[in-house]
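**Student:** Okay, here's the structure, questions in a sec.
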Amino acid sequence: MSKTINIAGASGYWGESAMATPQLLHAHKSGDVHLDYIVYDYLAEITMSILARAKAKNPENGGYATDFVEAVIQPHLRDIADTGITLIANAGGVNPEACGRAVRALVKEAGLSLKVAVITGDNRMDEIEAISASKPKDMFSGAAMPASDKVASVNTYLGAFPVAKALGAGANIVITGRVVDSAVTLGACIHEFGWGAEDWDLLASGSLCGHILECGPQTTGGNFTDWELAGDISEIGYPIAEVAADGSFVTTKPSGTTGLVSVGTVSEQMVYEIGDPQTYLLPDVTCDFSDVTITQVGPDRVEVSPAKGRAAPTHYKTCLTYADGFRAGCYLTFYGNRSTAKAEAFSDAVIKRAERVLRASNLGDFTEVSREVIGGGSQMGERIEAQETVVKIAVKHPEAKGVGIFLKEMTGTFLATPPGLSAFTGAGRPKPSPVVRLFSYLTPKDEIEVSIDVDGDISTHTDTVFAAAPAPARPAVPETVTGNVEVTVETLAWARSGDKGDKGNIGIIARDPSYLPALWSALTPAFVGDVMGHFLEDKTEVERFVLPGSNSINFLMDRALGGGGAASLRNDPQAKGFAQVLLAQTIRVPVSIAEDAKKKAPHS
């Protein structure tokens with residue numbers, strides 16, 4: 001029988017519930033599953049900025065994801081040692097050395113002999129002046145780099161081979177800084193199967209496995225279109241991949257947990273936060289997911305076929321975060337008749353009052369104002385008059401004092417408001433916070449040397465640079481069909497959405513392969529641009545891609561998120577709900593498809 005390894009995904013962001021580690025350790029110890037690795041992904045661009053501020057306050061011991069030490073290692077170290085499961089985590093943030101010291105201290109205190117590896121080389125803040133002098137341009141917008149004194153963090157996105165090298169040196173716990181999310185999984189596959197730097201298809205397949213695991217329970221029923229099928233999500237199971245040497249894998253979860261592993265849940269995660277599915281760029285490989293098939297092979301068991309790959313990019317992606325003024329916002333509620341109009345009138349008055357005070361104080365105008373009446377149609381795109389609404393009002397200003405004026409006028413208008421205003425005030429008045437923007441640029445690979453420290457045994461790694469390979473031919477598009485029976489998109493499809501900087505993506509997966517032509521015919525870029533236009537700066541900036549292997553369509557929308565991440569004032573700065581807008585739309589399809597779909601879909 002060919003070798004397989006079992007890898008579990010236990011964290012998708014810093015701050016996720018700590019329930020995954022004990023759940024997975026229990027599943028292993030009970031004999032329910034055998035685990036070789038548990039991987040943890042903690043980092044996002046905004047997280048790097050937060051960790052950079054923490055390190056500035058405590059340069060010696062701050063700047064890493066403390067959850068890994070306090071919620072994973074400290075309470076579970078003995079079980080980790082007893083089971084022999086290897087842990088890989090990008091918990092190092094901007095200070096992997098400090099994270100490593102904390103873990104090693106706990107290992108020593110427990111009298112264990114576990115080896116701890118720390119991987120560094122991604123953090124380039126010490127080189128900020130040289131980077132600034134090189135005048136890099138933003139890889140998406142072409143904008144110039146911001147002033148170096150505004151920069152909070154600079155990190156190059158590293159790949160998986162240093163992780164594999166640490167495992168080869170006997171590490172039981174591997175701690176990295178900023179590697180791409182999937183690298184913690186791919187590194188284990190490279191080590192276990194001996195995949196080489198030019199095994200493009202295998203590297204792409206291992207990266208896809210990492211992509212499926214990296215958001216934890218999003219693969220097992222979290223954020224799923226048919227969310228009711230997940231049951232009581234308080235006990236949701238975390239995903240496990242049984243990976244074969246050919247790159248294929250079966251996704252499952254511990255028995256006795258809730259959630260589900262289905263073609264729908266796994267397909268949704270595959271299309272989550274991707275752009276062109278044939279050119280998914282990673283440090284180790286350029287992936288092509290377009291022909292990947294996803295098949296139910298048993299209860300809560302889904303097989304994912306190998307992906308295709310080609311030569312890795314010649315450059316790394318490097319991201320820096322920088323301060324660009326201040327922002328603040330608040331949520332208030334109105335209820336009663338004409339609540340949408342009440343919320344609009346109140347927010348207009350608050351902004352007018354604040355603008356008058358700004359002018360009188362010679363502070364200049366707000367650089368951005370955002371008002372969204374949730375329940376009144378601001379998210380779905382069509383204004384409605386509701387009996388209950390939540391109004392979000394937010395502003396940006398170059399100075400914290402300017403934002404403070406907005407906050408004072410907001411609370412100072414409560415007695416002049418239309419009736420029905422209410423708010424939960426337990427957290428007190430909001431405070432100005434920095435606007436954190438992202439600047440992404442390309443770094444030649446030969447500029448980066450990675451260090452791997454396994455308890456004092458130090459080695460280095462530099463990625464090989466390969467010539468770029470031509471892009472593959474585009475898949476044949478589905479046939480065009482017409483119809484006159486109206487159904488919702490949700491009747492025909494699952495969907496998931498997410499962000500790529502200031503871009504939003506919506507992945508649509510046909511519930512049945514026979515529905516794909518109808519979805520392709522109805523969901524044109526123009527249609528999606530019109531439906532999502534209230535979020536887009538330009539509704540013509542919509543790209544469409546087909547993934548025939550999984551009967552999927554991916555839409556990528558540019559300038560969709562008000563700057564994205566922590567720079568955005570939007571209620572949904574990461575496009576988490578975009579798919580819900582598209583699923584609610586009505587399209588016309590042939591009668592045979594409509595009848596079949598209505599019989600099968602849980603929502604029709």
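Numbering (the UniProt record's numbering), first residue to last: 1 to 604. Cβ coordinates follow ideal geometry from the N, Cα and C atoms, glycine included.
1) Spatial neighbours of W494 within its chain, please: CB distance less than 6 Å, with the 5 preceding and 5 following residues excluded, ordered by chain position.
2) DSSP three-state call for F414: helix, strand or coil?
3) If you draw a straight line from the C-alpha of E127 to the C-alpha of V151, how long is it?
4) From S11 to P548, what does the alpha carbon distance come to, in whole angstroms?
5) Assign H211 to one of three DSSP states: helix, strand, or coil.
6) Roughly how many whole angstroms lie between the Cα atoms of G206 and T185?
7) Decide if W195 is buried, meaning its Cβ has at least 16 other Cβ atoms within 10 Å, or exposed.
8) Starting from the C-beta of M125, find all residues in its chain whose C-beta is less than 7 Å away, skip the five residues before and the five after it, and write them out in chain order.
9) Start and end of the beta strand (DSSP E) containing L556?
10) Assuming contact is defined by CB atoms lying nearer than 9 Å, are V118 and D453 in contact in what I supplied?
11) Using 8 Å as the cut-off, can you tell me whether the region 440-459 makes contact with the region 236-246, which would need three or more C-beta pairs spanning the two stretches below that distance?
12) Any chance the region 206-221 sits against the region 324-334, with 3 or more Cβ pairs inside 8 Å?
13) Considering only residues of the region 233-273, which uninterrupted alpha helix (DSSP H) runs meet the minimum length of 4 residues and lie entirely inside it, listed in chain order?
14) At what residues does the alpha helix (DSSP H) containing R359 begin and finish?
15) Kindly indicate which three-state DSSP category H28 falls into: helix, strand or coil?
16) CA-CA distance, L43 and G565?
17) Quick check: V350 and I393, are their CB atoms within less than 9 Å of each other?
18) Just reading off the alpha helix (DSSP H) that H76 is part of, what are its end residues?
19) Can you grab the Cα-Cα spacing for the pair M48 / A594, in whole Å?
20) I need the boundaries of the beta strand (DSSP E) containing A510, first residue and last residue.
21) Measure the Cβ-Cβ separation of T318 and T156 and say whether it is below 9 Å.
22) In chain order, what residues of the same chain lie with their CB nearer than 8 Å to the CB of M139, ignoring the 5 residues before and after it?
23) Could you tell me which whole alpha helix (DSSP H) segments of length 4 or greater appear in the region 114-186?
24) In whole angstroms, what separates the C-alpha of G111 from that of P277?
25) Going along the chain, which unbroken runs of the alpha helix (DSSP H) with 4 or more residues stay wholly within the region 93-117?
26) If you draw a straight line from the alpha carbon of I38 to that of A522, how long is it in whole angstroms?
27) When burial is assigned at 16 or more other CB atoms within 10 Å of the CB, is L192 buried or exposed?
28) Three-state secondary structure (DSSP) at T488?
29) Is Q296 helix, strand or coil by DSSP?
30) Please report the distance separating the alpha-carbon of G256 from that of D149.
31) Using only CA atoms, which one of S550, R310, S134, C99 lies nearest to P59?
32) Return the residue from the list P475, E479, A343 that minimises the CA-CA distance to A423.
33) By the 10 Å Cβ neighbour count, where 16 or more other Cβ atoms means buried, how is S433 classified, buried or exposed?
34) Does any CB atom of chain D fall closer than 9 Å to the CB of G100?
35) As a quick exercise: from F406, M270, P299, T279, pick the residue whose alpha carbon is nearest that of V292.
36) Apart from the five residues just before and just after I5, which ones in its own chain have a Cβ nearer than 6 Å to its Cβ?
**Tutor:** Short version:
1) As a working note, residue 494 is residue 494 in the sequence shown. Closer than 6 Å at the Cβ level, and outside the excluded window around W494, lie T225, G264, E268, I509.
2) For the purposes of this step, residue 414 is taken as residue 414 along the sequence shown, with counting starting at 1. Reduced to three states, the DSSP call for F414 is coil.
3) If you number the sequence shown from 1, residue 127 lands on position 127. If you number the sequence shown from 1, residue 151 lands on position 151. Rounded to the nearest whole angstrom, the CA to CA distance from E127 to V151 is 12 Å.
4) As a first step, residue 11 is located in the sequence shown; it is residue number 11 there, counting from the start. As a first step, residue 548 is located in the sequence shown; it is residue number 548 there, counting from the start. If I take the Cα positions, the gap works out to 30 Å.
5) If you number the sequence shown from 1, residue 211 lands on position 211. DSSP places H211 in helix when its eight states are reduced to three.
6) As a working mapping, residue 206 is identified with position 206 in the sequence shown. As a working mapping, residue 185 is identified with position 185 in the sequence shown. Whole-angstrom Cα-Cα distance: 7 Å.
7) Within the sequence shown, the letter at position 195 stands for residue 195. W195 should be labelled buried.
8) Indexing the sequence shown from 1 puts residue 125 at position 125. Answer for M125: S153, V154, listed in chain order.
9) Walking along the sequence shown from the start, residue 556 turns up at place 556. Its beta strand (DSSP E) spans residues 552-557.
10) The residue you call residue 118 lines up with position 118 of the sequence shown. The residue you call residue 453 lines up with position 453 of the sequence shown. Cβ distance < 9 Å, so V118 and D453 count as in contact.
11) no
12) no
13) 263-271
14) As a first step, residue 359 must be located in the sequence shown, where it is residue number 359. Counting along the chain, the alpha helix (DSSP H) containing R359 begins and ends at 339-360.
15) As a working mapping, residue 28 is identified with position 28 in the sequence shown. H28: helix per DSSP, three-state reduction.
16) Here residue 43 refers to the residue found at position 43 when the sequence shown is read from its first residue. Here residue 565 refers to the residue found at position 565 when the sequence shown is read from its first residue. Using only the alpha carbons, I get a separation of about 13 Å.
17) Counting from 1 along the sequence shown, the entry for residue 350 is found at position 350. Counting from 1 along the sequence shown, the entry for residue 393 is found at position 393. Cβ distance < 9 Å, so V350 and I393 count as in contact.
18) Counting from 1 along the sequence shown, the entry for residue 76 is found at position 76. Annotation: the continuous alpha helix (DSSP H) that includes H76 extends over 74-83.
19) As a working mapping, residue 48 is identified with position 48 in the sequence shown. As a working mapping, residue 594 is identified with position 594 in the sequence shown. Rounded to whole angstroms, M48 to A594 spans 47 Å at the Cα level.
20) To locate residue 510, count along the sequence shown from 1; it is residue 510. Going by DSSP, A510 is part of the beta strand (DSSP E) stretching over 503-510.
21) Looking up residue 318 in the sequence shown gives position 318. Looking up residue 156 in the sequence shown gives position 156. Against a cut-off of 9 Å, the Cβ pair of T156 and T318 comes out as a contact.
22) Here residue 139 refers to the residue found at position 139 when the sequence shown is read from its first residue. Correct list, in chain order: K317, S440, Y441, L442.
23) If one requires a minimum length of 4 residues, the alpha helix (DSSP H) runs lying completely within the region 114-186 are 128-133, 161-168, in chain order.
24) Within the sequence shown, residue 111 is the residue found at index 111, counting from 1. Within the sequence shown, residue 277 is the residue found at index 277, counting from 1. Whole-angstrom Cα-Cα distance: 48 Å.
25) Taking only runs of at least 4 residues, the alpha helix (DSSP H) segments lying wholly in the region 93-117 are 96-109.
26) Taking the sequence shown and counting its residues from 1, the one referred to as residue 38 is at position 38. Taking the sequence shown and counting its residues from 1, the one referred to as residue 522 is at position 522. Cα to Cα, the separation comes out at about 42 Å.
27) In the sequence shown, residue 192 corresponds to position 192, counting from 1. Before going on, a small fix: residue 192 reads as Glu here, not Leu. It is buried - the Cβ of E192 has at least 16 other Cβ atoms within 10 Å.
28) Position 488 of the sequence shown holds residue 488. Strand.
29) The count along the sequence shown starts at 1 and reaches residue 296 at position 296. DSSP places Q296 in strand when its eight states are reduced to three.
30) Locating residue 256 in the sequence shown gives position 256, where the first residue counts as 1. Locating residue 149 in the sequence shown gives position 149, where the first residue counts as 1. So the two alpha carbons sit approximately 52 Å from each other.
31) Here residue 59 refers to the residue found at position 59 of the sequence shown. Check the Cα spacing between P59 and each of S550, R310, S134, C99: the tightest is with C99.
32) The sequence position of residue 423 within the sequence shown is 423, counting from 1. Among P475, E479, A343, the Cα nearest to that of A423 belongs to A343.
33) Mapped onto the sequence shown, residue 433 falls at position 433. By the neighbour-count rule (16 or more Cβ atoms within 10 Å), S433 is not buried but exposed.
34) Among the chains of the structure shown, chain D does not appear; only one protein chain is present.
35) In the sequence shown, counting from the first residue as 1, residue 292 sits at position 292. Ranking the options by Cα distance to V292, first place goes to M270.
36) Looking up residue 5 in the sequence shown gives position 5. These residues qualify, in order along the chain: D36, E192, V243.
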